[in-house]
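When the letters of the sequence shown are read in order and numbered with the numbering used here, they come out as residues 97 to 897.
Have a look at the structure below before the remarks.
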Amino acid sequence: MKVKFTAFLLGILLFSHFNDSFSQGLNSVTSPDGTNVIAVGNLGKIYRSTDAGASWGVYTLSSDNLNFVSSYGNNVWIAGSAGNIYRTTKTLSHISTSVTGQTFKINCVTFVDNNTGYLCGDGGRVYKSIDGGASWTSSASGIGAADLNGMSFSDAWNGVVVGDSGSVYTTIDGGKNWNQETVPTSRNLLKTKKFPEGIIAVGEYGTILTKENLGSWQSVVTRTDNDIRGVSGTSMNSARVCGGGGFIRNNSNGRSNFFNFEINPMLANLVDIFHYDSNKGFAVSSLNYAVIRTTNGGTSWILPTSATVAYNWVLKTPSSGGIGNNLCMHPTERNTAYVVYGNKVYVSRDRGDSWTQIATISIGTRAHSFYVTPLDTNVWLAAIESTPDKVVRSTDYGATWSTILSYNFSSYGQPLEMDQNIPGTFYYAPDGTTTGFFKSTDNGASFTSVSNSNPFTSPCDIIAMWDSSQVLYVGDDGADIFKSTNNGVNWTMVKPGSSSEVPSMCNTVFDKSLCYATTWSSSQVFRTVNYGTNWNSVSTNSGSGWGSDMCHEDPTVVLTGNYGSQAYLSTNGGANFFNVNTGLSGAGAGIMVPERGWMLNMQTGSLFKLNITYTVPTTSLNAYTVSVKVAPEGMLDQNSNTLYRTDSVSVLIRKATSPFELVDSSVTRIDEATLTGSNLNILPAGSYYIVIRHRNGIETWSKSGGEALGSGNVLYNFTSAQSQAYGNNMTLKGTSYCIYSGNVNQDDIIDGLDLSLVDNDAYNFSSGYFVTDLNGDDIVDASDLALCDMNASNFVAVVRP
């Protein structure tokens with residue numbers, strides 16, 4: 097059995113960064129109502145579901161990497177990587193773009209109501225919008241230059257933003273001022289959630305920080321060094337985090353360390369999690385397009401309907417001579433692993449994708465156990481076949497070796513074990529009841545026998561209980577398991593023989609009551625849930641059992657092998673195992689599962705890494721541009737056929753049949769020179785009315801029968817003919833047909849009420865962007881009054897189907 101030495105045991109360690117490819121999946125997910133779900137990814141990918149995540153449609157917005165998505169009410173906002181925010185709604189609707197005026201990566205966007213929102217991004221940038229995201233102004237007073245990665249508000253005034261190097265800032269005045277918080281980490285913080293009763297922030301290398309009300313920040317001991325990239329939940333005491341290779345953890349029932357692991361089908365990194373309420377939640381991976389979902393508060397998570405998962409073992413080294421379990425993680429570099437085949441030592445620094453031989457063990461022939469010690473990574477220990485078998489040690493990164501012990505061990509087992517709780521402590525169990533059980537407390541430099549008489553005859557594996565080094569298990573031939581509660585001095589049989597041997601045992605840092613054991617030549621896998629007192633069979637897979645490991649970041653994932661070309665995986669805490677043998681060859685030796693999505697299988701002839709592929713059926717949604725050419729009567733200069741100024745209109749899309757249901761609404765800027773504005777839409781193909789609303793104009797519908805949308809880009813020109821408006825409800829000015837101006841109070845008719853409003857502002861010489869300024873020259877005067885009076889005299893009103 098191999099255990100992972102986790103970073104929290106050492107205090108101060110050096111870490112290396114490893115960048116996953118974040119281009120083949122999704123970055124963020126949200127749901128405004130629990131039914132409509134929107135997920136976004138790189139290269140403009142937008143996924144939409146209208147049935148709570150069961151099925152999905154997909155389209156491409158642009159080449160922009162989309163980093164985050166959030167919603168409020170019916171509205172949805174998407175953060176881009178070039179200073180852009182994209183606005184849409186929860187249904188299949190238009191997408192409009194608003195800009196900050198700066199080119200930078202926006203990492204988060206959030207709204208507290210339909211008008212007021214905030215964004216944060218690289219370079220310490222924070223912006224605020226008060227018009228639904230149409231425009232943005234800087235709101236970063238008090239914030240430094242560190243990249244900001246996540247933000248959250250609990251109400252209109254109270255918010256938090258987090259970023260690199262442990263940057264945390266809070267506001268109590270709606271972002272007008274930000275105050276830096278003192279937190280117990282310098283790690284990069286990636287996401288945060290502001291609850292009414294406190295804050296949770298998560299980040300790299302297993303970081304979770306919490307702050308309740310006005311208390312101080314506390315660091316949660318998560319016992320993982322993998323990144324935690326998402327946080328969600330309904331309250332401080334019912335929060336979820338996700339990250340690593342696909343774990344989801346919660347702090348319900350007083351588990352403040354987030355040691356409740358939620359069973360889920362994602363065996364790839366999780367980068368965002370969103371809960372609509374206490375039952376419905378969604379999570380996404382940046383390595384695939386499968387959005388997982390829960391409807392029961394995380395009791396179970398499922399894939400989209402008809403999604404499939406393919407498991408394939410990929411050959412990584414062509415070596416031979418493997419036996420025992422010589423897989424070993426680097427103590428501090430989380431993406432570095434070692435393996436020994438025969439007497440050759442290999443290293444991978446890219447999570448097992450490529451391997452390089454770096455040393456040769458000069459003593460013996462075939463190693464059965466191998467370790468890089470956490471106290472000094474130049475010090476290596478191995479149990480290796482020789483005459484007699486030996487424990488050998490290197491203090492110079494494998495350049496030279498010396499013999500520490502010479503005692504024969506079992507022909508197939510792994511007799512040397514490192515104590516994961518006490519750095520520098522090792523155990524060695526050779527053959528024979530009177531040979532001794534050995535322990536080293538000086539980083540393998542010497543061993544002392546702590547028990548000269550043992551009940552086991554040919555031990556195959558040793559394991560120390562997490563957080564309780566006095567408790568040891570030994571798997572023996574005959575498939576017996578013995579337990580010691582005094583550091584190996586005395587032993588008691590806790591599982592009688594059921595087969596030939598116990599080749600492998602594995603346990604977890606998250607629950608020391610658990611341990612699994614494989615048996616050979618039996619197909620049974622045994623488990624204890626009560627600290628080794630009782631062992632029960634949980635699986636009867638075909639073939640003889642061999643290697644095993646519990647996932648180092650999530651105890652619900654267990655992988656076992658056999659002395660053949662088969663492996664068995666459980667993703668639900670051992671409730672059941674299924675075969676994952678495609679691509680595997682040779683006989684089993686060792687297994688190591690550093691993450692849910694990173695599994696290594698050391699067969700006797702070659703090393704394999706498990707490749708997991710998710711396929712999600714999708715419907716292609718055709719994105720197209722709807723452009724309108726329109727001229728407000730008062731603002732058109734008939735001599736140049738241009739507007740006096742650029743202005744905005746609302747573009748409504750309604751179904752062409754009664755009751756003319758509204759299916760889309762957007763705000764479009766009408767260019768002063770071209771009279772044209774555009775929005776990206778993804779509405780299903782059909783006939784629709786295009787409706788224009790201007791701030792002081794008469795609502796104007798497109799021609800009778802509607803316009804065909806959904807089969808490609810459309811330019812609808814209201815200015816070309818009077819018949820382009822329903823009921824011919826436009827007026828000719830110069831060469832362009834215009835929508836009538838003067839409906840100042842938007843009551844669907846131009847009358848004395850509008851005239852009175854214009855007259856009042858003209859009397860007061862009102863200047864600026866006033867709704868009563870019909871011609872857009874920034875002053876309300878007699879020309880505006882005359883136009884309004886003319887249209888009021890003609891009883892101009894809205895004409896609808």
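Ideal Cβ positions, reconstructed from N, Cα and C, are used throughout, including at glycine.
Quick caveat, the model's predicted, so the values are computed rather than measured.
Output yes or no for whether 7 Å exceeds the beta carbon distance between residue i and residue j.
i: V546; j: V585; result: yes
i: A613; j: F606; result: no
i: W497; j: S458; result: yes
i: G350; j: C338; result: no
i: A242; j: G259; result: yes
i: T288; j: S250; result: no
i: G238; j: W253; result: no
i: S863; j: D880; result: no
i: F543; j: Y524; result: yes
i: T428; j: S374; result: no
i: A150; j: Y143; result: no
i: N180; j: V195; result: yes
i: S762; j: S192; result: yes
i: Y301; j: R283; result: yes
i: N548; j: G532; result: yes
i: S352; j: S334; result: no
Residues in its own chain within less than 8 Å of residue i by CB, not counting five upstream and five downstream?
i: M826; result: T796, F814, Q818, Q820, Y833, C834, I835 and Y836
i: A433; result: L423, C424, M425, H426, V443, S444, R447, G448, M688, P690 and L696
i: T281; result: G262, G299, T303, L305 and S315
If we ignore side chains and look at the alpha-carbon of each, how far apart do residue i and residue j end up?
i: V689; j: H371; result: 29 Å
i: G219; j: S166; result: 21 Å
i: G660; j: A685; result: 9 Å
i: K365; j: N431; result: First, the amino acid is wrong: residue 365 is Asn here, not Lys. Those two C-alpha atoms are separated by around 14 Å.
i: K591; j: Y407; result: 33 Å
i: S666; j: D227; result: 50 Å
i: L776; j: K290; result: 33 Å
i: S402; j: Y710; result: 11 Å
i: C884; j: I846; result: 7 Å
i: L748; j: N737; result: 25 Å
i: D563; j: A230; result: 55 Å
i: N632; j: W587; result: 20 Å
i: Y859; j: E757; result: 42 Å
i: S225; j: N637; result: 59 Å
i: K307; j: N275; result: 15 Å
i: Q198; j: A178; result: 8 Å
i: A878; j: T868; result: 11 Å
i: T742; j: D733; result: 12 Å
With a CB to CB cut of under 6 Å and the five nearest residues on each side skipped, what residues in its chain are close to residue i?
i: T146; result: N132
i: E649; result: T320, N322, G340, F343 and E691
i: M561; result: V567 and K608
i: P599; result: C556, T614, W616 and W642
Out of the options, which has the shortest C-alpha to C-alpha gap to residue i?
i: F200; options: V222, N210 and V279; result: V222
i: L610; options: W616, M601, S617 and S618; result: M601
i: L870; options: N860, G377 and A882; result: A882
i: S328; options: S124, Y740, F891 and N856; result: S124
i: G701; options: T531, K535, L680 and V840; result: L680
i: L139; options: L122, G149 and T126; result: L122
i: Y812; options: S554, P755 and V722; result: V722
i: A683; options: F704, N668, G693 and G670; result: F704
i: D160; options: N275, I202, I518 and H190; result: I202
i: T413; options: V840, K440, I708 and N347; result: K440
i: V745; options: P713, S194 and R791; result: R791
i: D576; options: N603, A541 and S618; result: S618
i: G377; options: N517, I388 and N309; result: I388
Near residue i, what residues of its chain come up, given a Cβ to Cβ distance below 7 Å and the 5 sequence neighbours on each side ignored?
i: A752; result: S783, Y784, Y785, G801 and G802
i: N630; result: T624
i: N675; result: Q662 and Y664
i: F118; result: Confidence in F118 is poor, its pLDDT being 48 and thus under 50, which makes the residue's placement too unreliable to answer from.
Can you check whether the C-beta of residue i is within less than 7 Å of a C-beta belonging to chain C?
i: G149; result: The chain labelled as chain C is not found in the depicted structure, where only one protein chain is given.
> Which full runs of the beta strand (DSSP E) of 3+ residues lie inside the stretch 340-428, going along the chain?
Replying inline: 343-346, 368-371, 377-380, 388-390 and 404-413
> What are the uninterrupted segments assigned as beta strand (DSSP E) that are 3 or more residues long and contained completely in the stretch 425-451, given in chain order?
Replying inline: 433-437 and 440-444
> In chain order, which beta strand (DSSP E) runs of at least 3 residues are fully inside the stretch 477-542?
Replying inline: 486-490, 498-502, 512-514, 522-524 and 533-536
> Which runs of the beta strand (DSSP E) fall wholly inside the stretch 762-818 and span at least 3 residues, in chain order?
Replying inline: 772-777, 782-790, 803-805 and 810-813
> Could you give the uninterrupted runs of the beta strand (DSSP E) lying entirely in the stretch 225-268, keeping only those of 3 residues or more?
Replying inline: 244-249, 255-259 and 263-267
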